[in-house]
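K.L.:
In UniProt numbering, the protein residues as written are 1 to 116. All residues carry an ideal CB built from backbone N, CA and C; glycine is no exception. None of the values given here were measured: they were computed from a predicted structure.
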Amino acid sequence: MSIAMRPSQALRLWQQVMLSQVRDDAPDLTMRQTAILFTIYLDPPPHTVRGLAARLNVTKPVITRALDTMGALKLVSRHRDELDKRNVLIKRTVEGALFVERFGDGIIAKAHELPI
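1. Could you tell me whether the region 98-107 touches the region 2-22, where touching means 3 or more Cβ pairs closer than 8 Å?
2. Check arginine 80 in the structure and name its three-state DSSP category.
3. Tell me where the beta strand (DSSP E) around lysine 91 begins and ends.
4. For threonine 69, name the three-state secondary structure that DSSP assigns.
5. Hey, how far is the Cα of leucine 83 from the Cα of proline 44?
6. Give the DSSP bridge partners of histidine 47, in chain order.
7. Tyrosine 41 and valine 88: beta carbons closer than 8 Å?
8. Would methionine 31 be called buried (16 or more neighbouring beta carbons within 10 Å of its own) or exposed?
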């Protein structure tokens, strides 16, 4: 589905979504953490620290720090790859899936509120 928006409308939508996130009890993720989380949930697995770093064009320590935060919030979990112990696999969690789904629902709700 394609929708036409002016830049000011797109920015207003993004502002409204961000304001709703700030006002909610939801975890307060940084833009980078949000991008990593959405990549984990929207792109097909498997996901590794190395793979996420390459996909987002950041270093592995950047991914690790973000995963530390998101792991503490139970949005993702990490496990050693049994086939290659050097790899750490990032897994989705129920809490993370619900967070991402609610975020999507919030975007839809705010989009419906935009003036035409």
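P.N.:
Let's see:
1. yes
2. Position 80 of the sequence shown, counting from 1, holds the residue named residue 80. It is a strand residue.
3. Here residue 91 is taken as the residue at index 91 of the sequence shown, counted from 1. First-last of the beta strand (DSSP E) with lysine 91: 88-92.
4. Taking the sequence shown and counting its residues from 1, the one referred to as residue 69 is at position 69. The answer is helix: DSSP assigns threonine 69 an H, G or I state.
5. The sequence position of residue 83 within the sequence shown is 83, counting from 1. The sequence position of residue 44 within the sequence shown is 44, counting from 1. Approximately 19 Å between the Cα atoms of the pair.
6. The sequence position of residue 47 within the sequence shown is 47, counting from 1. Its beta-bridge partners are Ile90.
7. Against the sequence shown, residue 41 aligns to sequence position 41. Against the sequence shown, residue 88 aligns to sequence position 88. Cβ atoms of tyrosine 41 and valine 88: not closer than 8 Å.
8. On the sequence shown, position 31 is the one that residue 31 refers to. Burial call: exposed.
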